[in-house]
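Going by full-length UniProt numbering, the residue at position 690 of the sequence shown is 690; the numbering climbs one at a time, nothing skipped. Every residue, glycine too, gets a C-beta built ideally from N, C-alpha and C. Because the structure is a prediction, the values reported are computed rather than measured.
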Amino acid sequence: MTLSLLVIFPFLGSILAGILPPNARNREAVLSGIIAFICLGIVIWHTPSIFAGNVTEQQIEWLPYLDLNIIFRLDGFSWLFAFIVCLIGLLVVIYARYYMNPADPVPRFFAFFLAFMGSMLGVVLSGNVIQLVIFWELTSLSSFMLIAYWHHRPEARRGARIALTITAAGGFCLLAAMLLIGQVVNSYELRVILQSGDTIRHDDLYPLIVILFVIGALTKSAQFPFQFWLPNAMAAPTPVSAYLHSATLVKAGVFILARFWPVLALTDEWFWFVGLSGFLSLAIGAYIATFQRDMKGVLAYSTISHLGLITLLLGLNSPLALIAAVFHMINHATFKASLFMATGIVDHETGTRDMFVLSGLRKSMPLTATLAIVAAAAMAGVPLLNGFISKEMFFSETLNYHIGGRYLLPVLAVIASAFSVAYSLRFILKVFFGRPAQDLPRAPHEPPKWMLFPSAVLVCLCILIGVLPATVIAPVLEIATSAIIGADHPAINLAIFHGFNIPLLMSALALVGGIILYLGLRPYWATHPGRTLGIRIEGRAIFDRIMDGLDITASTINTYIASSRVQVQVFCIIVVSFVVALIPLLRYQDWWQVPRTEFSMSFAILWLVGAACAIGAAYQAKYNRFRAIVFAGGAGVVTIITFAWLSAPDLALTQLMIETVTVVLLLLGLRWLPRRSKNDEMTEAEETVAHLRHTRDAMLSIATGIGIALLTYIITTRNTIPSIGKFFLEQSLPEGGGANVVNVLLVDFRAFDTYGEITVLGIVALTVYALLRRFRPPEESIYALEKRTKIASTDLTIIQENEALPRGTLLVPNVLARFILPIISLIAVFFFLRGHNLPGGGFTAGVIFATGVIIQYMVSGIHWVERRSRIRPQNWIAIGLIMAALAGFLPFLYGLPFLSALAWHVNLPVLGELHLSSVMLFDFGVFMLVVGAVTYMLVALAHQSLRSQRKKGETS
């Protein structure tokens with residue numbers, strides 16, 4: 001249970017942080033810190049078991065018959081990453097408390113931050129690959145919100161869009177790869193997949209799996225050719241960069257490469273796809289970082305470079321290279337997060353990050369300078385720091401892999417490392433040494449001590465790992481890599497000094513070469529600030545051209561196939577649907593053998609009336625919408641009678657209520673459309689075109705109607721087609737505990753589908769409300785409405801606070817409406833409680849209750865109702881979804897799958913035995929959401945009337 005809590009707690013904290021008031025800066029930081037601390041405590045609590053070589057799994061049944069269960073898996077490797085995510089998350093929360101401006105929407109920041117932490121822990125702990133992809137995409141979404149946190153800045157919005165576009169596209173590729181892996185292995189459980197490496201590598205789908213998988217990983221870790229999104233993401237606040245772009249988000253790609261290394265590695269395809277991308281990222285990132293003038297720009301490109309080093313190691317198909325890669329993941333998280341924090345402190349205290357403006361901060365900010373110098377030295381690979389040891393392991397591995405000659409890869413590695421030394425040296429000397437700058441936006445000074453504390457902790461780790469590697473990090477590294485490779489992994493020998501050897505010589509050459517490179521480029525930097533030496537290929541420019549090309553292509557296609565007229569769009573949709581449905585019927589001739597049933601004259605007359613009403617509604621739609629609604633209501637009544645005729649009282653009752661609500665909503669909405677007259681002047685050519693169009697539409701409508709009716713008739717009457725209806729009829733009472741098959745089907749057998757449907761309904765209601773808030777009816781519609789209802793401008797009165805009812809309101813209907821609502825409420829409760837065994841249920845009861853609310857709006861007006869209402873429709877929608885979700889998660893406490901039915905029997909003194917079920921809670925959630933959604937759309941339409949009246953009253 002503790003593993004699931006490790007993921008659940010951050011999401012719960014995100015919700016709590018989001019609802020705190022904007023001025024609760026300390027409370028939000030404390031809440032986030034407590035959540036991160038609890039998660040870190042859970043990880044530490046599992047440490048003895050992990051170091052004993054155990055693997056902890058928690059499985060929650062979801063769809064067991066499809067091998068899709070929620071599995072949380074903690075082994076040595078996932079423990080290491082969970083520890084990094086929680087520890088650095090806690091430190092960043094402390095840092096952000098002092099970095100964030102009180103004027104910023106701090107609740108939103110911590111809400112997004114905790115949501116990302118939960119998503120990242122979900123990626124790390126997922127024991128099911130489909131579940132892993134879900135959390136993978138959640139990291140993209142939450143990082144998008146964090147990058148765009150300062151959404152008033154164009155660069156923040158642009159950087160967030162680019163990041164989401166690239167990482168989400170990679171997520172789709174990763175999903176495809178996981179589906180293919182599951183097909184090959186016949187399981188989606190990570191435990192099974194990790195034991196099936198040979199099966200996957202020898203399968204014909206392996207090349208495609210590797211391509212899709214690597215694209216997903218490279219996009220997330222900003223590796224070539226997708227590296228350009230990371231520098232654009234630097235528009236995010238520095239705490240976001242310190243967490244996402246050094247320790248967590250960009251590590252997700254290399255994490256998954258390492259996790260699936262025993263499954264997909266050890267082939268030439270893996271080397272070329274992974275290793276080549278890693279090398280190009282290492283070289284390109286190091287080169288461009290050397291010429292940046294923004295401190296965060298240097299760190300962004302250096303992150304690409306160091307992640308490229310890790311990716312290259314993972315692509316070398318060597319167990320020792322894998323160990324070095326995991327080691328450098330740890331080291332990079334510590335020194336890069338510390339450097340981002342130092343950069344944020346400089347920016348926070350001086351007002352700029354421009355290295356050509358900053359200078360001499362060592363004197364005014366000595367503590368910050370010391371921490372930044374140590375972290376930058378670790379990034380450069382200076383001895384006695386953690387970066388030196390992992391980089392030396394990297395040099396050693398390049399010597400063992402011969403490609404293009406024995407020394408090509410080692411030489412290129414030394415050159416790239418020399419650039420790393422150069423930009424690290426420049427980063428420190430330009431900012432903290434030299435003559436103090438005099439024209440800074442703010443006078444530099446040390447930040448609060450607690451703002452320095454997180455960076456100090458990380459710097460201490462850099463020193464401890466560098467000085468005592470065998471004691472501090474070797475056991476952790478052994479546990480983490482043994483979880484990937486297995487118990488027979490190579491021996492890990494970490495030491496400060498391994499003797500005078502070639503890797504040590506390569507490290508010395510890199511350090512000396514970096515110093516020489518720095519000295520040689522100083523004149524160029526002074527005359528060309530921020531300009532790259534030589535030709536630079538802009539990945540962002542290529543991305544922009546691709547997106548522009550897609551926009552142009554889509555616009556061109558849209559020009560030929562789209563129309564601004566709704567009639568043309570509907571015609572195209574119906575034609576395509578008709579053709580698609582007709583194709584399979586033409587392949588099977590026996591479909592045309594229509595079975596015969598007993599003819600009923602009464603039923604035929606009923607449907608002739610219904611068809612006439614439908615035709616009348618279509619004919620009157622343009623010229624008299626009131627008649628069209630009346631005809632449409634007549635067709636609806638025929639449908640209601642048909643359901644009752646065919647022994648479907650549940651559907652008949654639901655259809656009756658839906659027809660009632662629909663008529664009201666149509667009357668409110670359609671009146672804003674401009675009227676059309678039959679006497680509108682048209683030329684003879686226009687009349688001919690209109691006649692042909694009407695004939696075409698009529699033929700299509702007749703063909704489609706006959707086709708759908710025929711298809712429905714065949715499916716419902718043929719005995720040769722297997723039907724699942726018999727199963728539901730037989731199992732409704734024994735398995736679902738209810739005699740009403742329709743209700744049991746909706747809230748028990750197909751509860752997951754119903755939950756998705758009510759979620760969509762809630763989204764639709766919110767969307768309708770949002771769209772109508774910006775909708776402005778055309779002037780001719782407002783004028784026509786006023787003319788029809790004879791509303792004079794002098795009669796338009798805005799209700800005053802002391803008025804009980806609007807002027808002109810009839811008193812008797814208002815009094816009667818007060819009595820109607822309690823009666824309708826009792827009727828709704830009656831149908832809700834009987835719904836599991838008799839016609840009714842949450843949906844029907846919700847529409848009934850919503851009808852009572854609509855009556856109040858119609859009789860008393862929107863002002864009177866809203867002034868006395870204490871429950872808002874949007875709250876009903878939210879509570880309904882929460883209650884339905886609670887009914888789904890409640891079975892987890894009893895070890896049952898999501899949305900399983902739980903039943904309790906309670907004996908009460910007066911009422912006797914009372915049967916309770918979690919299905920009832922789910923049905924009540926449906927009830928509340930239906931009431932909220934219908935009322936919310938009604939309110940949106942009603943406010944249009946109020947807005948037009950106010951506008952007219954103001955102008956008069």
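How would you call Phe77, buried or exposed, if buried means at least 16 neighbouring beta carbons within 10 angstroms?
buried
Which whole-angstrom value describes the C-beta separation of Cys462 and Leu385, a residue pair presumed to lie in contact below a C-beta threshold of 8 Å?
5 Å
Buried versus exposed, by CB contacts within 10 Å (16 or more), Leu941
So Leu941 counts as buried.
Touch check for the stretch 357 to 366 and the stretch 313 to 325: three-plus C-beta pairs under 8 Å?
no
What does the alpha-carbon distance come out to for the pair Met883 and Ser900?
When rounded, the distance between both Cα atoms is 14 Å.
Would Ser246 and Lys391 be called neighbours here (beta carbons separated by less than 8 Å)?
Remark: C-beta atoms of Ser246 and Lys391 do not approach each other more closely than 8 Å.
Whole alpha helix (DSSP H) runs in the stretch 23 to 97 with 4 or more residues, listed along the chain?
25 to 45 and 47 to 51
Range covered by the alpha helix (DSSP H) that runs through Leu519:
Ile502 to Thr527
For Lys430 and Ser359, believed in contact at Cβ under 8 Å, the rounded distance:
7 Å
contact_flag[the stretch 160 to 173, the stretch 114 to 122] where n(CB pairs < 8 Å) is 3 or more
no
How about Leu12 and Leu31: do their beta carbons lie closer than 8 Å?
Result no, Cβ atoms of Leu12 and Leu31 do not sit closer than 8 Å.
Which listed residue (Leu179, Leu511, Phe72 and Val467) has its alpha carbon closest to that of Leu494:
Val467
Kindly indicate the opening and closing residues of the beta strand (DSSP E) around Leu908.
Ala903 to Leu908
Is it the case that the Cβ atoms of Pro22 and Pro107 are separated by a distance below 8 Å?
For the 8 Å CB-CB criterion, Pro22 and Pro107 form a contact.
Look at the Cβ atom of Leu74, then the Cβ atom of Ile50, and state whether they are nearer than 8 Å.
yes
Could you spell out where the alpha helix (DSSP H) holding Ala163 opens and where it closes?
Pro154 to Val185
Excluding sequence positions up to five away, which residues of its chain have a Cβ less than 6 Å from the Cβ of Thr350?
Leu440, Arg442 and Pro444
Between Gly762 and the rest of its own chain, which residues show a CB-CB distance below 7 Å, the 5 nearest in sequence each way excluded?
Ile877, Leu881, Leu929 and Ala933
When you compare only the Cα positions, how much space is there between Phe395 and Leu307?
15 Å
Top-ranked residue by Cα proximity to Ile823, from Leu3, Pro909 and Ala850:
Ala850
Note down, one range per segment and in chain order, each alpha helix (DSSP H) of at least 4 residues found wholly within the stretch 334 to 419.
361 to 364, 366 to 380 and 386 to 399
Backbone secondary structure at Glu659 - three-state DSSP
helix
Backbone CA spacing between Glu801 and Arg818 [nearest angstrom]:
Caution is warranted here: a pLDDT of 41 is assigned to Glu801, below 50, making its placement in the model unreliable, and the coordinate value is therefore given only provisionally. Each residue's alpha carbon lies about 20 Å from the other.
With 16 other CB atoms within 10 Å as the buried threshold, where does Ile798 fall?
Here the model assigns Ile798 a pLDDT of 40, short of 50, so the residue's position is not dependable, and the following value carries that caveat. The residue is exposed, with fewer than 16 neighbouring Cβ atoms inside 10 Å.
Here's the rule: buried if 16 or more other CB atoms are within 10 angstroms of the residue's CB, otherwise exposed. What is Arg545?
exposed
Got a sec? Which residues, its chain only, sit under 7 Å from Tyr301 by beta carbon, not counting five neighbours each side?
Answer for Tyr301: Pro231, Gly285, Ile288, Ala289 and Gln292, listed in chain order.
Could you spell out the range, first to last residue, of the alpha helix (DSSP H) harbouring Leu743?
Rather than Leu, the amino acid found at residue 743 in this sequence is Asn. Run containing Asn743: Val741 to Val744, per the alpha helix (DSSP H) assignment.
Looking at Asp650: is its Cβ nearer than 8 Å to the Cβ of Phe571?
no
Near Phe427, which residues of its chain fall below 6 Å by C-beta distance, leaving aside the five closest residues on each side in sequence?
Val298 and Ala376
Mark Gly499 as exposed unless 16 or more other C-beta atoms lie within 10 angstroms of its C-beta, in which case mark it buried.
exposed
Tell me, which residues are paired with Asn101 by DSSP?
DSSP output for Asn101 lists no bridge partner at all.
Straight-line gap, Ala828 to Thr844 (C-alpha atoms, nearest Å)
8 Å
Which listed residue (Gly841, Ser338, Val210 and Gly18) has its alpha carbon closest to that of Ala652:
Gly841
Going by DSSP in three states, His445 sits in which element: helix, strand or coil?
coil
State the start and end residues of the unbroken alpha helix (DSSP H) segment that holds Arg627.
Arg625 to Trp645
Take the Cβ of Tyr894 as the centre, count every other Cβ of all protein chains shown within 10 Å, and call the residue buried at 16 or more, exposed below.
exposed
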